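In this note's numbering, the protein residues as written are 10 to 91.
A short worksheet on the structure shown next.
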């Protein structure tokens, strides 16, 4: 009985090791700084959106603007999903 349980444990741990993702940064540190500055602007009430020029109050929108600016500058940021 003990040998069967041990063999089951080994097979389950082998499955886990194959599904690991490769480690590495998704965003560059400088892209994080872009987001940081945009967040600061939003908190001060100075961050405006593109064409309309409306004041940005949403945290997620501020992050999106920071990442967009980082992409334009050629920093390491994943491609935008549509």
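A virtual CB, placed ideally from N, CA and C, is assigned to each residue, including glycine.
The model shown is predicted, which means the values in this text are computed figures rather than measured ones.
Check                                                                                                                       : Outcome
Residues of its chain near residue 44, where Cβ-Cβ distance is below 7 Å and the 5 sequence neighbours each way are ignored : 72, 75, 76
Top-ranked residue by Cα proximity to residue 39, from 88, 69, 78                                                           : 78
Reduced DSSP secondary structure (H/G/I, E/B, other) of residue 34                                                          : coil
CA-to-CA distance, residue 31 to residue 61, given in whole angstroms                                                       : 41 Å
Alpha-carbon spacing of residue 36 relative to residue 67, whole angstroms                                                  : 21 Å
DSSP beta-bridge partners of residue 57                                                                                     : 64
Coarse secondary structure for residue 82, derived from DSSP in three states                                                : coil
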